[in-house]
Each structure stands twice: as C-alpha cells, then as structure tokens.
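Below you'll find the structure, written out as structure tokens, and then a few comments.
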Amino acid sequence: IAASQPSTNWHLKENAREHHTSKFSSDELIVRRGQTFTVTFEGKEQPDQNFIFIAETGPKPSKATKTLAVFGLSSTVSKESWSAVLQSSSSNSVSISISSPHNAVIGRYKLGVKSTSDGSSSTTSLGTFVLLFNPWSSGDSVFMPSTAECEEYVLEEFGIIFAGNKDHISGFGWNFGQFQGDTLDICLSIMDRSLYYRQDPVTDVSHRHDPKYLGRVLSSMVNANDDQGVVLGNWSGKYEGGKNPTSWTGSGEILQIWKKSGFKPVKYGQCWVFAAVLTTVLRCLGIPTRTITNFSSAHDADGNLRVDEFYDASGNHLERGADSVWNFHVWNESWFTRNDLGPSYSGWQILDATPQEESGGIYQCGPASRNAIKEGDVDLEYDGPFVFAEVNADCMYWNYDSETGKRTLILSKSTEIGASISTKAVGRDDRVDVTKDYKYEEGSTKERDIFKKARKKLGLEDKFDPTAPTPKEIEQKPDISGKFKVAGSLEVGKDLNLVLVLVNLQSHAKTVHVNMTAWSTLYTRKPVHEIWKDSISVTLSPKEEKRFPITIQYNKYQQRLTTDKTIQVTAICHVEGGIQVLVQRNIALDNPAIDVQVLGEAKVNKEVDVEVVFTNPIDTEVMDCVLQVEGSDLLTGILELRIPPLKASEKSSTKFKLIPSDAGPKHLLVNFTCDKFADIKTFKVVNVVD
1 IAASQPSTNW HLKENAREHH TSKFSSDELI VRRGQTFTVT FEGKEQPDQN
51 FIFIAETGPK PSKATKTLAV FGLSSTVSKE SWSAVLQSSS SNSVSISISS
101 PHNAVIGRYK LGVKSTSDGS SSTTSLGTFV LLFNPWSSGD SVFMPSTAEC
151 EEYVLEEFGI IFAGNKDHIS GFGWNFGQFQ GDTLDICLSI MDRSLYYRQD
201 PVTDVSHRHD PKYLGRVLSS MVNANDDQGV VLGNWSGKYE GGKNPTSWTG
251 SGEILQIWKK SGFKPVKYGQ CWVFAAVLTT VLRCLGIPTR TITNFSSAHD
301 ADGNLRVDEF YDASGNHLER GADSVWNFHV WNESWFTRND LGPSYSGWQI
351 LDATPQEESG GIYQCGPASR NAIKEGDVDL EYDGPFVFAE VNADCMYWNY
401 DSETGKRTLI LSKSTEIGAS ISTKAVGRDD RVDVTKDYKY EEGSTKERDI
451 FKKARKKLGL EDKFDPTAPT PKEIEQKPDI SGKFKVAGSL EVGKDLNLVL
501 VLVNLQSHAK TVHVNMTAWS TLYTRKPVHE IWKDSISVTL SPKEEKRFPI
551 TIQYNKYQQR LTTDKTIQVT AICHVEGGIQ VLVQRNIALD NPAIDVQVLG
601 EAKVNKEVDV EVVFTNPIDT EVMDCVLQVE GSDLLTGILE LRIPPLKASE
651 KSSTKFKLIP SDAGPKHLLV NFTCDKFADI KTFKVVNVVD
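344 is the number that UniProt numbering gives to position 344 of the sequence shown; each next residue is one higher, with no gaps.
Below is the structure:
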C-alpha cells in the first residue's frame, strides 16, 4: 500500500507529538483513537463544494461492522462518531481536523475524500494511516489516569523480568522494542494470521475495538500451538535446531525471525519469552501491559485447585500426573475496563500466552480480572479457575510405591503456592511485590474463606474425590521436622554447601533413616539429571536438633546443570514407628558477574565506546565465548562478538561502539555465554544527551 499520495500532508511530527506516537520510526501517520489529527490535501473549497470523507479498514469494510465510516464536514468534533472539521483553506489546499470515536476499530485505515462541485464528483485516495488504542483518553476502554503509568506500560521499551525462586529472586533485563523498525507492521500481521481471522475475517476485524477480545486472540497467537503463532515452546532441556529460551534478550529478534521465515514459529520459548513478546505486541497497539512473575506457581491440570507431587522411597521426584509446581511462571497484566462483568472487575486483567491448558479448544488464556481472582469469583470469564489455582492451589506431597501402586500422603500445604508475585516498578528499575492484589494474606481466615468460595463455585466441595487425602491422613502429625539450610554462596562454578537440620519434636528418642537426592531441573522443576545421592541413619534424643553438612562439588554438577541453573535437593525421612517426613529445597544458582562501562559521554548521533569485562572464576579454561548486545535507540538489531578462550582466572575486556539515536536514559542489554556458563545477563543505563 502506498503510504500516501504526494499531495497529502499528514503533519507527521505534530500529530505524533499530540498522539504519543513519536517513538515510532515510520513515514506513515500513526495516531490514537478518540483524538483529533490534522491532514492537509490539495483541493479548493468553494461555496457549493462539498467534501465527504471515507475511512475504511479490513477486508470488507461496512458501516454495520463499524469498519467503514463516511462523514462530511461539521462545525464541531463528535465524540461518538468519525467527524471532520475545516481548519483552514487556501487557493489550492484544504486542512482538516479528523477525529475518530473512542471505540473505533484499531488497525490500518485507508482515507479517501469525495468532492462534489458543479454536480460532478470525484474521489481521491489520501493514503493510509494506522489507528491505535488511546490510554491517554478518558473515553477509551484502556484509559489509564496516571501519565507515569502510561509512560511505563505503553511507551517504555525496557523491562525487567523476575525469575529464580521464592527464596532467591533474581531479575534480568528485556528489550521490548515495540517502536523499533517495522514492529508495528509485524503486530498488525499477527492479528491477520489468527485462527479467528482465518475463520471469519469480517467478524474478527469488527471486534478489534475491544481490548479483551484482542488480548485473548493475541494470547493464542504468541504461542505456536494451533495457529502457527510466533513462538514454539520447549521444556525438554534440549534445544537443538533453535535458540535456548534463556539466550534471548529482546522481542525484536524473535518478531523479525518470525516475519523473515514466512511466519514459521520461532524456536524456542518458555514462559517469560511468551510474556515478553505479548507485552511488546500489546504496548505497540496501545494497550497498557506489564509482565508479572508468580513464584511457586501451580499448574493445576485437572481443575481441582490442588496440585499433587509424588516421590519414591529414595527421595526421587517422580513425574506422575499432569499437575506441577514451577519455581516461577511469568504472565501478563493488561489494563482495560470489563463492561461484560461490571466496573468492580475493571483494571488489571491477566493474560497468559504460555501454552499450558486449552481454553475454548485452543491454547489461549484470559483475560481474567485480577479483582475476580482475589475475590474467588472463578466463574467469571475467562479462565478464572486456572489462574486462581496458579496463585492459590493447595499442595499435596505423596509417597508413591511403583510396585504396589500405593500412594501415601506425606504432607499437605495450603500456603506454598503463589509467593512474592512481582513486577517492575513504574519509572524505576526495581521490583514491586503485588501478591496482596492477587489474594488476601496467607493463613488469614479471609484467604481460606475465598478458597472455599472458589471450591464451591467449581462444585468441588460436594464431590467425592477418591484421590484426595483422608481426614485421618491429614491429621497425622510428624515426629520430626527438617529443613535444608544454605551455607555459603550459591554460584555456578563453586561447590554447593548445604546443611540438613533435623529436629526431634517428641520427648522420646527417634531413629530416622534418611534418603537424599539432588537433581538438576528446569525452572518448571522437571527433573533432568541426577547429580548426587546419599543416605544416613540417625538417632535423635528427645527434642534434639542435629545438623548434617552436605557438599555437592562443582565438578559433580557442572556437566549436569541445565541453563536454568536450578537444583532440587530432597530428603525423605523414614521415621521408625511414625509417618514419613519430606524435606526439600529448590536452589537457583547465580552466574558470575559481568561488568559494563560506558567510556565517555553518550551523545545523539555520536560514537561512544563501551567496555565489557569478564573474569573467568573457575580453575579451567572457558571456550566458545560469545557476547550479545542490544538496546533500543542505542544500536540497530543485535551486535554479536566472539571472544577468544579464557584460561583459569583470566580477564577479558571487549570494546565496541554505540551510536545513540535518541536522547534520554536508555538501557543496554548484555548477554555473555561460554561452554561453562550459559547466558550471563546484565544491563546498563546509558544517559544519552542531545
């Protein structure tokens, strides 16, 4: 499509400034709905001349589907419909102020003008423009009253995604890049490739005024399941034929690969990749969006608000049943009204593009109102029970005997799931805890009441569940307690030092046989390789506490560690004459540090040097070292540098140049990988001056 006729002046700079679209780099007009924009075109205004404007979008524009608007000049701007007001005219040109309604369909429009004079009429195409959601406009369903929040959740191209586990939260930078290059065009083509569009393009386009519809459609399109969407998930621990999910640093590269391959799913993603790409797409279209990390996140596959985990007598975590608890899971919140549910359910809405369970026959999730989740209103659209379970499910730990098929409850926990729910602060690179927005305080009667309310709405409290623990099983009290304590640092390249602490809770001696294992896992706690096992027998005097130091050497785990750098340590304690006790800890290891320095002042359109320093912390050589750098407005695309091997304790210094294209605080993202350390990530704020 030609962006415009040479004779049309779209006043790109002025319109973009007014519409908060200046960050797009486009020769096409990009504006937001419910707000006026100016266009000047060749033509004469004569007393008997009459202009009629035609704005149309989609494959079969029609007034009935609100994808075609035909409107003449009026004296004032209308809030309810498309309108045009004459601003000025000269002997050969006319300037018009055009306004769209706040519930207009978003997307690419063609604009034409039909002029009639002396009884003859001619229609001229003025070109195309793109219309987006408008969170700055009070009539829009995505209206966000705080401008600081609009700037963070729509205009900010940098984000921090939180990961690790609830005992050890870490964060890494991400370049959303929603205004870079042709990202907007790619986002528009994502909408046109959905199953909804393919099945009924006319109806699909007519629903594009509605953020809850688009949020749901895009949650299905960001994953590759069902519709050849953007990212293919892979949780196997083996990533041949694609990129390891931990290696991405931004959405731009993913969207470009998807487009350039002829829209073949990009390999590979895990939850934060799906959430980050969905953030890019929704911010690009003007829907305020952020990523949320839930720690100890339940994946309740059978909808009973309970997750069951199974262990054998040796302490190995068994993959039985479809339920699981992930160290963390990342989803999205988008901000819009819920006119389908009522005002108390408006505000932040949960969307999840990670393909976990089908909803309506395809892998999509949300929007679920965050207020509805907090209040236990799991019967409200969409996918309330699944999201509620992610932050609230009860946890049952079972011992499973594969020979007899017998399962014995070891313990149940109602406060395990949904901890330290986190997002990036507005305007700062800090973590904000939003757990209280998802649920009442753990252990409070209000929280248990809400859980019961949700169970009742799902019809769970009347149903007999043969797999549920019996009251007798739940009432059994253990004779001993145990926990793993960390002694020393948790760093890849160093030995892992733990202490198993066992306490006799009884006033008579107890003999305990302990079977311990350590497995490397994915962040979903899926066991990948056994690293270590041991067993001890111990007699505990009345009320005695005993400590058993454990060392897992680096050379024991180095070959077996996944790129998620997580290890699950488990001890099953068989107490003579009592019930078994399960002690477990999920450990997230940190990578060594990497240092980034900007050498000199960063100025727009001037070269500035950056130095990245890495010291090999281990006593063996590291090889296959690659440095990957990106950052919106600092460099185009991704810079990839190969670094020679580093001997034990050797320091490497790598320099490269940036040419910033825009002033302000910009984020440079750095990712360093070698054969012994995967994806050491850091970011640096570069303050660019004019």
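Even for Gly, the Cβ is constructed at its ideal location relative to N, Cα and C. Keep in mind it's a predicted model, so treat the numbers as computed, not measured.
When burial is assigned at 16 or more other CB atoms within 10 Å of the CB, is residue i buried or exposed?
i    : result
I450 : buried
T467 : exposed
M144 : buried
N687 : exposed
D200 : exposed
V689 : exposed
N555 : exposed
N50  : exposed
T246 : buried
I350 : buried
At the level of alpha carbons, what is the spacing between residue i and residue j?
i           : j    : result
C150        : P288 : 7 Å
E650        : F677 : 15 Å
S111        : S22  : The residue you asked about is not Ser; residue 111 is Leu in the sequence shown. If you take the alpha carbons of L111 and S22, they lie about 21 Å apart.
A454        : R448 : 10 Å
L502        : D619 : 35 Å
N134        : V105 : 12 Å
N339        : G418 : 28 Å
residue 703 : N515 : It is not possible to answer for residue 703, since the shown part of the chain is limited to 1 through 690.
K647        : M623 : 9 Å
G58         : V583 : 58 Å
I54         : E319 : 60 Å
R560        : G347 : 44 Å
V378        : V492 : 42 Å
residue 701 : L411 : Nothing about residue 701 can be reported from this structure: the residues present for the chain run from 1 to 690 only.
S122        : S97  : 21 Å
G361        : H329 : 22 Å
P61         : S99  : 19 Å
S652        : D590 : 20 Å
E473        : T408 : 8 Å
Does residue i come out as helix, strand or coil in the three-state DSSP assignment?
i    : result
C187 : helix
P527 : strand
C395 : strand
W272 : helix
K666 : strand
E491 : strand
P211 : helix
D167 : coil
M144 : coil
C625 : strand
A509 : coil
L255 : helix
V202 : helix
N15  : helix
E357 : coil
I106 : coil
D590 : strand
K453 : helix
G384 : helix
R338 : coil
A64  : coil
P471 : helix
Am I right that residue i and residue j are in contact with their C-beta atoms under 8 Å? What's the rounded C-beta distance?
i    : j    : result
V432 : T423 : 6 Å
F172 : I190 : Actually they do not touch by this definition, with Cβ atoms about 25 Å apart.
A353 : L282 : Rounded, the Cβ-Cβ distance is 10 Å, inconsistent with contact.
L126 : R32  : Wrong, their Cβ atoms sit about 19 Å apart, outside the cutoff.
N586 : Y363 : Not really, about 27 Å apart at Cβ, beyond 8 Å.
G366 : G215 : 6 Å
G107 : L188 : 6 Å
P592 : H317 : Actually they do not touch by this definition, with Cβ atoms about 28 Å apart.
V581 : G482 : 6 Å
W519 : H529 : 7 Å
V420 : D394 : Note that residue 420 is Ser in the sequence shown, not Val. Contact doesn't hold; Cβ gap of about 19 Å is too wide.
Y523 : N327 : 5 Å
Three or more beta-carbon pairs under 8 Å between the segment 551–563 and the segment 260–269, yes or no?
no
Under 8 Å: do the segment 679–686 and the segment 589–607 share three or more Cβ pairs, one atom per stretch?
yes
Please determine if the segment 79–86 and the segment 157–169 are in contact, where contact requires at least 3 C-beta pairs separated by less than 8 Å.
no
Please confirm if the segment 385–404 is in contact with the segment 240–253, defined as three or more CB-CB distances below 8 Å between the two stretches.
no
For the segment 656–666 against the segment 568–577, do three or more pairs of beta-carbon atoms, one drawn from each stretch, fall closer than 8 Å, so that the two count as touching?
no
Tell me whether the segment 390–404 and the segment 291–301 touch, counting them as touching only if at least three CB pairs, one residue from each stretch, are closer than 8 Å.
yes
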